[in-house]
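Following the working numbering, the numbering of the sequence shown begins with 195 at its first residue and continues without gaps.
Where is the CB? At the ideal position from N, CA and C, for every residue including glycine.
Bear in mind the structure is a predicted one, so any value in this text is a computation, not a measurement.
This report refers to the structure that appears directly beneath it.
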Amino acid sequence: MNSEQSIVILTGAGISKESGLDTFRDAGGIWARVRVEDVATPEAFAADPVRVREFYNHRRARLTAANIEPNAAHHALARLEDDWPGEVLVVTQNIDDLHERAGSRNLLHMHGELLKARCQACGHVVGWRGDLSAGHVCEACGRTGGMRPDVVWFGEMPFEMERIYAALESCSLFLSIGTSGNVYPAAGFVQHVIARTRAPTVEMNLEPSEGASLFAQAIYGPATQTVPEYVDRVLAQGW
Ligand code: APR
């Protein structure tokens with residue numbers, strides 16, 4: 195192992211499941227209870243901003259509850275970043291802050307962050323832990339009524355895509371953890387790595403994802419077991 199070898203890790207809702215946060219497409223997941231079209235598109239927010247803010251207020255209250263903590267998988271990825279001589283980049287689809295709270299620093303939230311709000315009028319982004327309502331005033335431009343969750347809705351462009359593709363094209367190892375491979379562009383990252391590098395690609399999930407056949411290796415099981423074990427092995431002997 196050497197400092198030239200960089201690792202890119204894509205994570206999805208499955209890595210936060212054992213911390214007590216819901217996934218989207220598992221049985222009983224978020225999209226089994228509410229429709230994407232009603233709460234997770236710009237059109238939904240324009241049509242019924244109260245309902246959309248309430249959907250994220252509920253998830254924000256859950257995330258900031260005392261019993262929601264990073265789990266062993268989040269901590270293992272932070273340890274890998276600390277102990278691996280090369281760069282380790284976590285690209286998460288998750289809008290929770292569990293990677294940060296576990297200690298990950300080289301981290302990109304491609305779908306935004308639940309604990310931030312953005313003014314639709316001026317684009318100013320501010321940390322936000324409580325409920326968001328139409329009455330909140332933007333601290334930058336002073337306008338009211340335009341504060342929205344700083345998350346990426348369906349039909350919007352994910353954040354940091356240039357940095358993500360540059361990292362994928364120069365990585366020596368690509369891991370995909372806890373994602374069903376249903377949503378692009380994240381679901382296409384493995385193909386991007388295959389097309390441009392010789393890096394091994396590893397899927398770590400509870401069950402085969404939509405893109406399972408694309409990965410060179412698959413490790414199935416709960417992330418709190420598979421991820422620490424894998425990180426220990428990489429730190430001890432590489433891949
Ligand atoms: N350990 C590992 N994997 C798990 C665990 C676990 N304990 N529990 C569930 N999983 C796996 C499931 O098998 C599933 O394949 O995590 C995956 C979660 O898939 P989704 O619910 O589709 O979540 P995700 O892939 O992150 O969704 C991507 O879709 O709705 C949008 O913006 C949303 O970021 C989200 C995106």
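query: In whole angstroms, what is the alpha-carbon distance linking D216 and G375?
result: Walking along the sequence shown from the start, residue 216 turns up at place 22. Walking along the sequence shown from the start, residue 375 turns up at place 181. Those two C-alpha atoms are separated by around 16 Å.
task: Starting from the C-beta of L308, find all residues in its chain whose C-beta is less than 7 Å away, skip the five residues before and the five after it, and write them out in chain order.
output: Locating residue 308 in the sequence shown gives position 114, where the first residue counts as 1. Correct list, in chain order: Y250, R253, R254, L257, I289, D290, P343 and V345.
- prompt: Where does V346 sit, in a helix, a strand or coil, going by DSSP?
  reply: Counting from 1 along the sequence shown, the entry for residue 346 is found at position 152. V346 falls in the coil class under three-state DSSP.
field: Assumed close pair I209, A259 - CB separation to whole angstroms, cut-off 8 Å
entry: Walking along the sequence shown from the start, residue 209 turns up at place 15. Walking along the sequence shown from the start, residue 259 turns up at place 65. So it is not a contact: roughly 18 Å between Cβ atoms.
query: Which of helix, strand or coil does DSSP assign to Q287?
result: If you number the sequence shown from 1, residue 287 lands on position 93. Of the three classes helix, strand and coil, the one that applies to Q287 here is coil, per DSSP.
message: If you reduce the DSSP assignment to three classes, tell me which class T338 lands in.
response: If you number the sequence shown from 1, residue 338 lands on position 144. Three-state result, T338: strand.
Test item, CB below 6 Å from any non-hydrogen atom of ligand 1: So the residues near ligand 1 by this Cβ test are G206, A207, G208, K211, E212, T217, F218, R219, D220, G223, Q287, H305, G372, T373, S374, N376, V377, N399, L400, E401, S403, P416 and A417.
message: According to DSSP, C313 sits in a beta bridge with which residue or residues?
response: Locating residue 313 in the sequence shown gives position 119, counting from the first residue. Note: C313 sits in a beta bridge opposite M341.
task: Would you be able to state if there are at least three C-beta pairs under 8 Å between the stretch 198-208 and the stretch 361-373?
output: Judged by Cβ distances under 8 Å, the stretch 361-373 makes contact with the stretch 198-208, as three or more pairs qualify.
- prompt: Is A226 helix, strand or coil when you go by DSSP?
  reply: Working through the sequence shown from its first residue, we reach residue 226 at position 32. For A226, the three-state secondary structure derived from DSSP is helix.
- prompt: For N297, which three-state DSSP category applies?
  reply: Residue mapping note: residue 297 aligns to position 103 of the sequence shown, counting from 1. The question names Asn, but residue 297 is Gly in the sequence shown. The answer is coil: DSSP assigns G297 none of H, G, I, E or B.
- prompt: With a CB to CB cut of under 6 Å and the five nearest residues on each side skipped, what residues in its chain are close to I224?
  reply: For this step, residue 224 is matched to residue 30 along the sequence shown. So the list reads D216 and F218, once near-sequence residues are dropped.
field: G306, buried or exposed, once every other Cβ within 10 Å from all chains shown has been counted against 16
entry: Numbered from 1 along the sequence shown, position 112 holds the residue referred to as residue 306. Only buried fits G306, as 16 or more other CB atoms lie within 10 angstroms of its CB.
- request: Assign I371 to one of three DSSP states: helix, strand, or coil.
  value: Residue 371 sits at position 177 when you count from the first residue of the sequence shown. DSSP, read as helix, strand or coil, puts I371 in strand.
- prompt: Rounded to the nearest angstrom, how far is the Cβ of L367 from that of A393, given a contact under 8 Å?
  reply: One-based indexing of the sequence shown puts residue 367 at position 173. One-based indexing of the sequence shown puts residue 393 at position 199. Between L367 and A393 the beta-carbon gap is near 5 Å, inside 8 Å, which marks them as a contact.
task: Could you say if the stretch 267-279 and the stretch 235-251 meet the contact criterion of at least three C-beta pairs nearer than 8 Å?
output: No: fewer than three Cβ pairs fall under 8 Å.
query: Buried or exposed: which applies to S407, given that a residue is buried once 16 or more other Cβ atoms fall within 10 Å of its Cβ?
result: For the purposes of this step, residue 407 is taken as residue 213 along the sequence shown, with counting starting at 1. So S407 counts as exposed.
field: CA-to-CA distance, I201 to P264, given in whole angstroms
entry: As a first step, residue 264 is located in the sequence shown; it is residue number 70 there, counting from the start. As a first step, residue 201 is located in the sequence shown; it is residue number 7 there, counting from the start. Rounded to the nearest angstrom, the gap between the Cα atoms of P264 and I201 is 21 Å.
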